[in-house]
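K.L.:
Chains as they are written, first to last, in our numbering: chain D, 525 to 754; chain H, 10 to 270. For every residue, glycine included, the Cβ atom is placed at its ideal position computed from N, Cα and C. Got a structure here, written out as structure tokens. Questions coming.
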Amino acid sequence: MQVLHYFTLNTGIETVCFITSLIWLINYKGQPIWRNVVFLLFITCSVEFMGIYVKRLYLHDRLHVHPNPWLYNILLLFQIVILSIMFNSLLTKYIKIKSAIFIIALLMVSLYVYEIWEHGVFNYNNLTYSVMSVIIVLCSLIYFYLLLKDDSYIQLSRSADFWWIAGLLFFYFGSTVVNLFYSKLSHIMITPKRSLSYFIFNILNVLLYSCWSYSFICRRWLTTTSQSLS
Amino acid sequence: MANNDITELIIITTLIFLIAPTFLVLYIFIYNKRKKRHLEEKQLMQLTFESELIKTQMEIREQTMQTIGADLHDNIGQLLSLTSLTLNSVKLDDAEKAQQKIDAALDLTMRSIKEMRLLGKLLQGEQLIGLGLCEAIRHEINWIEKSGQYIVNYEIEGEQPAQNNPDKDLILFRILQEVFNNIIKHSKASEISIKLAYSQEGVRLQVIDNGAGFDVANLPDDQKGMGLLNIQKRAEIVGGRFFIQSQSGEGTCIEIFIPYP
């Protein structure tokens, strides 16, 4: 029964998405860059499970009120790096943006280091996360703008890039309000154990990982179709 | 503010923040569908243009062959038959008369050779479109003038662009052939003025005749197949415009403008 504590809606949908990525992307040779997403999902799932473990470990220890943010800080660093690589790959199809993305990633890492230096590793890097959210929303909007501007037609319902970015936009744009008032919202409880932000993030996670799972299927599907056509 | 109010406010705001990207995604889908339709229309237009171009080429060839056929039958054929008859009637015992008939046969043969040369040039004329519209038109005019029924003035205005557009040249040449056909068949004209004017915007072809003319607005049904619709359709297919001005007894002025090259 102890195992059941590890299976929440969040960990469930993340695991499903990770398995989907393993099935559809691990042998995908078309664009190796997509394997980074498999790695990111692996890190995400590991951090989520370890986070629950660590939280339960220190459940009655009042000295450690926030026992697991250091784990999410590690995840945040991977998110910055891998999402920068992905956006660089997806946006360079339309514009030359490599150096801009590199500078942004560098600034993000600098902010990350500054926050760690400021409040230590055991507090979550909220500012870095918020800035990252804004940049992701901006990059997603830039991608959609370039997609609209481009003369060539692509079948969006089967476009892996489109769904991958749509998932990010839903998650990071949808979480804007919760991010802005995170510290205040964590005290508003819907059930005795769960806060309002927990439920909102659950819904956003479902949206994000559903879009991503579909995107992985599209990625492989497109390759299989074009291979069978050639 | 009570917790419940804050909860409601946060949920509603989050929903709004979720609806915004949903609408954005929907808009992109709708726009993308429009893009697809636009591309399909573009492809269709390209196909129509290509098929019209092939049709034009076929028509020019057909017209050339018809002219050659008619000339062989009516002109060269007659000349050669006459040559044969003249030579057959030569009696060698009357040297003076025989010499006269041989001279006449020689003259007929020379005329046949001249006709054959003109026919050859007409055949070349079809290929001359590749070298330029001006040359192709000049050959067409030579042929019309040969009949002796028309005085043709040909004027070229402006500088020809360095780069030709063979597709547009072909269409314009075919339009001119159609106009000539109309003049020969219906107008009873004696003078034709042709002006080819190149400008920065495009090329303007103007054909004026002093023929019978017709009421453009009330064209009788039996004269609607004069190829005017064809001319208009062809001009439009290359993004051009077609104007016609005519009155009964006052001749006809036809003008075609095509963006060029």
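Using 8 angstroms as the cut-off, can you tell me whether the stretch 636–650 of chain D makes contact with the stretch 592–611 of chain D, which would need three or more C-beta pairs spanning the two stretches below that distance?
P.N.:
They touch, by the three-pair rule.
K.L.:
Taking C-beta to C-beta, are Glu200 of chain H and Asn174 of chain H nearer than 8 angstroms?
P.N.:
Result no, Cβ atoms of Glu200 of chain H and Asn174 of chain H do not sit closer than 8 angstroms.
K.L.:
Does Gly698 of chain D have its Cβ less than 8 angstroms from a Cβ in chain B?
P.N.:
Going by chain labels, chain B is absent from the structure shown, which instead holds the protein chains D and H.
K.L.:
Leaving aside the five residues before and after Phe611 of chain D along the sequence, list all residues of the same chain whose C-beta is less than 7 angstroms from its C-beta, in chain order.
P.N.:
Closer than 7 angstroms at Cβ, skipping near neighbours: Ile625, Cys663.
K.L.:
Where does Lys620 of chain D fall in DSSP's three states?
P.N.:
Lys620 of chain D falls in the coil class under three-state DSSP.
K.L.:
Using the Cα positions of Tyr618 of chain D and Ile15 of chain H, report the straight-line distance between them to the nearest angstrom.
P.N.:
Distance between the alpha carbons of Tyr618 of chain D and Ile15 of chain H is about 42 angstroms.
K.L.:
Please classify Tyr638 of chain D as buried or exposed, where buried requires at least 16 other C-beta atoms within 10 Å of its C-beta.
P.N.:
That one is exposed.
K.L.:
Please classify Lys622 of chain D: is it buried, with 16 or more other beta-carbons within 10 angstroms of its beta-carbon, or exposed?
P.N.:
Its Cβ having fewer than 16 others within 10 Å, Lys622 of chain D is exposed.
K.L.:
Please report whether the beta-carbon of Ala79 of chain H lies at a distance below 8 angstroms from any beta-carbon of chain D.
P.N.:
No - not a single Cβ of chain D is within 8 angstroms of the one on Ala79 of chain H.
K.L.:
When the distance is taken between beta carbons, is Lys197 of chain H closer than 8 angstroms to Ala221 of chain H?
P.N.:
A contact, by the Cβ cut-off of 8 angstroms.
K.L.:
Whole-angstrom Cβ separation of Leu671 of chain D and Tyr636 of chain D, contact assumed at under 8 angstroms?
P.N.:
30 angstroms between Cβ atoms; not a contact.
K.L.:
Going by Cα to Cα distance, which pick from H:Lys177, H:Leu185, H:Ile217 is closest to Ile63 of chain H?
P.N.:
Comparing Cα positions, the closest option is H:Lys177.
K.L.:
Using 8 angstroms for Cβ pairs, my map puts Ile537 of chain D next to Val730 of chain D. What's the rounded Cβ distance?
P.N.:
Ile537 of chain D to Val730 of chain D, Cβ: 5 angstroms. Contact.
K.L.:
For chain D, check one thing: does any of its Cβ atoms lie closer than 8 angstroms to the Cβ of Phe26 of chain H?
P.N.:
Taking Cβ atoms only, chain D reaches closer than 8 angstroms to Phe26 of chain H, which makes this a yes.
K.L.:
Over what stretch of residues does the alpha helix (DSSP H) that includes Thr57 of chain H continue unbroken?
P.N.:
Here the alpha helix (DSSP H) through Thr57 of chain H covers 12–80.
K.L.:
Near Ala114 of chain H, what residues of its chain come up, given a Cβ to Cβ distance below 7 angstroms and the 5 sequence neighbours on each side ignored?
P.N.:
Contacts found: Thr92, Thr95, Leu96.
K.L.:
Taking Asn564 of chain D as the reference, give the member of D:Cys541, D:Leu583, D:Leu581 with the closest Cα.
P.N.:
The amino acid occupying residue 564 of chain D in the given sequence is Leu; Asn does not appear at that position. The residue with the shortest Cα to Cα distance from Leu564 of chain D is D:Cys541.
K.L.:
Just to confirm, are Glu168 of chain H and Lys204 of chain H a CB contact at a threshold of 8 angstroms?
P.N.:
Going by C-beta atoms, Glu168 of chain H is not nearer than 8 angstroms to Lys204 of chain H.
K.L.:
Classify Gly575 of chain D as helix, strand or coil using the three-state DSSP reduction.
P.N.:
Correct three-state label for Gly575 of chain D: helix.
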